[in-house]
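Following: one structure in structure tokens, then a few remarks.
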Amino acid sequence: MDLREKVGRRGARLFKDGMLVNLGIGMPTALADYIPEGIQLNFQTENGAIGFGPAPEEGYDNPYLTNAGGSPLTILPGGCYFDSATSFALIRGGHVDATVLGVLEVDEKGNLANYMVPGKLVPGMGGAMDLAIGAKMVVVVTEHCDKTGNPKILKRCKLPLTAKESVHWILSELALMEVTKEGLVLREIAPDTTIEEVRSKTEADLIISADGVETVKYY
Amino acid sequence: MDLREKVGRRGARLFKDGMLVNLGIGMPTALADYIPEGIQLNFQTENGAIGFGPAPEEGYDNPYLTNAGGSPLTILPGGCYFDSATSFALIRGGHVDATVLGVLEVDEKGNLANYMVPGKLVPGMGGAMDLAIGAKMVVVVTEHCDKTGNPKILKRCKLPLTAKESVHWILSELALMEVTKEGLVLREIAPDTTIEEVRSKTEADLIISADGVETVKYY
Amino acid sequence: MAKVITSDEVAAMVNKGDTIMVGGFLAVGSPETICDALVRRNVKDLSLICNDTGWPDRGAGKLIMNHQFKKVIASHLGTNRETGRQMSNGELEVELNPQGTLIERIRAGGNGVGGFYTPTGVGTLVAEGKEIRIINGREMLLETPLRAKFAFIKAFLGDKYGNLRYQATGRNFNPEMAFAADIVVAEVDNLVDFMDPEDVTTLGVLVDYLVRRGK
Amino acid sequence: MAKVITSDEVAAMVNKGDTIMVGGFLAVGSPETICDALVRRNVKDLSLICNDTGWPDRGAGKLIMNHQFKKVIASHLGTNRETGRQMSNGELEVELNPQGTLIERIRAGGNGVGGFYTPTGVGTLVAEGKEIRIINGREMLLETPLRAKFAFIKAFLGDKYGNLRYQATGRNFNPEMAFAADIVVAEVDNLVDFMDPEDVTTLGVLVDYLVRRGK
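Protein chains in written order, with this note's numbering: chain A, 2 to 220; chain B, 2 to 220; chain C, 43 to 257; chain D, 43 to 257.
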């Protein structure tokens, strides 16, 4: 099972029936593939649709109907379109129940950084800053360490922040962590790892709560 | 010729082709009846329509289509509907070219009062405050004096203001006056009056500009 | 999915002291069936946010006649003399807002904006107690967001996902109120399975409950 | 009535140093015919307000490739690497805005609001130099209106009164931009005499000129 599937399977279980959800591009889209039975979600794309379906069959794409990455979409019964002011009224106004974002860095205070590396990469924040401060539940999905093995879950982000103290959950292929006032609480680990391994790969301090850490077979 | 017709005929000549116009209830609606040939206007009603027509034939009224006073309307080809936020985006945003308002009092500074008499009458301002500050041209139409013969065009309004220094033109059955930085300039008088009569019925100081005062047969 | 309930079930959710928004402009686009149910329930000390207080027999005016409000925030009272009478008698607190300011405050309440500056009301009673700031040489007032516990709105057409479409000038305050309350109930003339996604004005995700007109 | 003109006539109105808004989201809903005409006219030192800089061969990105901007205000540059290159080289000034802040600033520019407070961007580079105010216990930034000399927008359908209707996610930034510029030009795929008043998204009174796609 690859990283995408691991994160997708566990992450999808954070949703409750009827939620309005906005998934960032990249790894966050994995969650949509593993929604449990009985859970119906409304997906928003910030360029102006709710209730979209899969990519269209070849030859049936409408150049006016795309996702926030520019790829063709379909719309499902019950769906709707709207302009950008309405889209961000939803987001900033607290009407989006959950957003899932990829990150460059995230820290134990719930800070996240995902929109620029000064002097190297400046794609821009798009709607990420609004989503991070506006969604009721902000989930960060990430590889636990970067490609060279360095922790991405830090004591304090070094890159320019996307939002301050906004993340509620951090999910990697190894663990599920909750940002609390006390700090970052380790809630669950994957069956193929240990608390010690997770700690060694995490720069942030990990709190073990009185409830303990569950080993879950979501992988 | 009655007051309504006199004010309507002269007032309608203040409009230019293509203007977006919002007429207040009461006397201001007289202007719509006397639009000169060759002038096409767009009329807005602040409850959410542009391009409305006359009242419907009996039996053809739609309870969902009314003017800002609650009376049934029709819509013309090219017309459109919108919500209140959009309606006041038009008004406050400076997209309305002209508004015509009735008043209780107006003064030489361009202040107007038309929404309450403390302790007696408090209907509320509705959209009048927004129209008075937002429209590019604000025209006040009024009887020159009230029913007991007291001037309504004052040095300074005594009633609570609808808007501060917002009026551009004051039109009565006797005269057309322009609010300028220097004060209230008498521009035109009706053929059945004199400068002296207008002065005697006006509390505000009336300036006679170097251009003089035109006697116009708009009545 | 929005749940279809009766107007009496809606009224039963409303308690003494709650703040409600009611859509409509002089009762055009007001949820009459829900207003009737609120009159039947006879719950008191409500606060109202509405463009106006309708007519004695239409819209939120029906609740005015039944003395159900302790406070009204509106732009216009002129079509319901009872509102003015209760205000003069000290039975009712009234806060008059310019119509454009009122709808923009509701919009701010629904979209997470903490306040905005507007030139409307400068130099009038509306400015009393408000921060004034000069922006590009023009005086502006700081206005704050408005929210309510309930928004009761009215649409011509609804679908089972809660999507709404209005007709003509029946739109008015309804779309913004759908963003600005904890619980949003829409009364609809007609209810269908789903509508053309292009025709949706109020997004179904904002609507908690649907009531059929007359039910 | 909106006047129908050609894209070259539109481009001829634009002069060195002008600020333009261009509708669209990753060029979906962008006025491609007008962008092509602006490239042909080759007018320089423009400032751009747009959600993004499109793609090298689509939307405002075509003007980026032709080095026509001295400044860009956008929320995203990632799909056009040339924007980042010009920025790193010091050829282009870029002001990044959160997308929700950007569209709300454009809306403020079009509707007479002098500024608004938003929680988006607090604690980030976006907050630099901006007033911070605590509202209901939450830090908020004061954001200011954006306007332009020209708005170039794109709609699926237009009528001779200038009314516009969009399709699907082609709406995006276009409707607000129609309020926020001195001169509004809409490129349309189709042009009809008039449309159903219920179907109008952008009010004809806001639109000065119409251009048919490809003309």
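Cβ coordinates follow ideal geometry from the N, Cα and C atoms, glycine included.
Using a threshold of 7 Å, state whether the C-beta atoms of residue i and residue j are closer than that.
| i | j | result |
| --- | --- | --- |
| B:S85 | C:N205 | no |
| D:D94 | D:H118 | yes |
| D:R175 | D:P161 | no |
| A:E204 | A:L172 | no |
| D:T61 | D:A190 | yes |
| B:E109 | B:G184 | yes |
| A:G79 | C:F221 | no |
| A:G128 | A:E47 | yes |
| C:V249 | C:V226 | yes |
| B:T149 | B:L175 | no |
| B:L21 | B:V101 | no |
Of all the options the options, which has the alpha carbon lying nearest to the alpha carbon of residue i?
| i | options | result |
| --- | --- | --- |
| B:L42 | B:A99, B:E204, B:S201, B:V142 | B:A99 |
| B:N63 | B:L74, B:E144, B:E197, B:G70 | B:L74 |
| D:F158 | D:V168, D:T143, D:V164 | D:T143 |
| B:G94 | D:Q141, D:I148, D:V234 | D:I148 |
| D:A197 | D:N84, D:K86, D:G59, D:I76 | D:I76 |
| B:K182 | B:K153, B:V168, B:I40 | B:V168 |
| B:Y35 | B:N68, B:M138, B:R14 | B:R14 |
| C:R83 | C:C92, C:N57, C:S72 | C:N57 |
| B:G27 | B:I40, B:E59, B:N68, B:W170 | B:N68 |
| A:M117 | A:S88, A:L162, A:L77, A:L207 | A:L162 |
| B:I40 | D:M43, D:M219, D:G171 | D:M43 |
| B:K202 | B:M178, B:C146, B:V180 | B:C146 |
Could you list which residues in chain A have their beta carbon closer than 9 Å to that of residue i, in chain order?
| i | result |
| --- | --- |
| D:H109 | What D:H109 touches in chain A: nothing, since even the nearest Cβ is about 18 Å away. |
Just the Cα atoms here: how many angstroms apart are residue i and residue j?
| i | j | result |
| --- | --- | --- |
| B:M2 | B:G9 | 11 Å |
| C:P187 | C:E135 | 19 Å |
| D:R182 | C:G154 | A quick correction: the sequence has Met, not Arg, at residue 182 of chain D. Approximately 10 Å, taken between the alpha carbons. |
| A:G243 | C:A102 | Given that chain A is displayed from residue 2 to residue 220, the structure contains no residue 243 of chain A and the question cannot be resolved. |
| D:W97 | A:F53 | 24 Å |
| B:D18 | D:S89 | 33 Å |
| A:E189 | A:C158 | 23 Å |
| B:G111 | B:I209 | 17 Å |
| D:T211 | A:V104 | 26 Å |
| D:E133 | D:E51 | 29 Å |
| C:D231 | C:D241 | 16 Å |
| B:Y61 | C:G152 | 37 Å |
| C:T48 | A:F83 | 29 Å |
| B:K153 | B:L132 | 21 Å |
| D:T166 | C:L138 | 38 Å |
| C:T243 | D:V46 | 29 Å |
| D:M219 | D:I195 | 7 Å |
How far does the beta strand (DSSP E) with residue i in it extend, from its first residue to its last?
| i | result |
| --- | --- |
| D:A223 | 223–234 |
| B:W158 | Correcting the residue identity first, residue 158 of chain B is Cys in this sequence and not Trp. Neither: B:C158 is in no beta strand (DSSP E) and is coded neither H nor E. |
| B:R188 | 184–190 |
| D:L183 | 180–185 |
Residues of chain D with a CB under 8 Å from the CB of residue i: which are they?
| i | result |
| --- | --- |
| C:F156 | According to the sequence provided, residue 156 of chain C is Gly. The question's Phe does not apply to it. Per Cβ cutoff of 8 Å: F158, Y159, T160, P161, R175, I177, N178, R180, M182. |
| B:A1 | Look at the range of chain B in this structure, 2 to 220, and you will see that residue 1 of chain B is not part of it. |
So residue i contacts chain C; which residues on that side make the cut at Cβ distance below 9 Å?
| i | result |
| --- | --- |
| B:D84 | I145, Y208, R213, N214, F215, N216, P217, E218, T243 |
By the criterion of Cβ-Cβ separation under 7 Å, what are the contact partners of residue i in chain D?
| i | result |
| --- | --- |
| A:G49 | T211, R213, N214 |
| A:F16 | What A:F16 touches in chain D: nothing, since even the nearest Cβ is about 23 Å away. |
Which bits of chain A does residue i rub up against, with CB to CB less than 7 Å?
| i | result |
| --- | --- |
| C:V247 | L21, N43, I51, H96 |
Tell me where the alpha helix (DSSP H) around residue i begins and ends.
| i | result |
| --- | --- |
| D:N153 | 141–153 |
| D:A79 | 74–83 |
| D:D50 | 49–55 |
| A:V199 | 196–201 |
| B:V22 | Taken as a continuous stretch (DSSP letters only), B:V22 belongs to no alpha helix (DSSP H), being part of the beta strand (DSSP E) at 21–24. |
| A:R10 | 4–13 |
| D:T125 | 123–130 |
Could you name the residues of chain B that residue i contacts, counting a contact when the two beta carbons are closer than 9 Å?
| i | result |
| --- | --- |
| C:F67 | E47, N48, G49, T67, A69, G71, S85 |
Taking Cβ positions only, does residue i come closer than 7 Å to chain E?
| i | result |
| --- | --- |
| A:P78 | No chain E appears in this structure, whose protein chains are A, B, C and D. |
What residues of chain D sit near residue i, judged by a beta carbon separation below 9 Å?
| i | result |
| --- | --- |
| B:G1 | Because chain B here runs from 2 to 220, residue 1 of chain B falls outside it and cannot be looked at. |
| A:G128 | S117, H118, P140, Q141, G142 |
For residue i, return the contacting residues in chain C, with the cut-off set at a CB-CB distance below 7 Å.
| i | result |
| --- | --- |
| B:G234 | There is simply no residue 234 of chain B to check, as chain B begins at 2 and stops at 220 in what is shown. |
| A:R93 | N153, G154 |
Please list, in chain order, the chain A residues whose beta carbon lies closer than 8 Å to that of residue i.
| i | result |
| --- | --- |
| C:N205 | G79, C81 |
| C:P239 | A50, G52, I76, G80, C81, Y82 |
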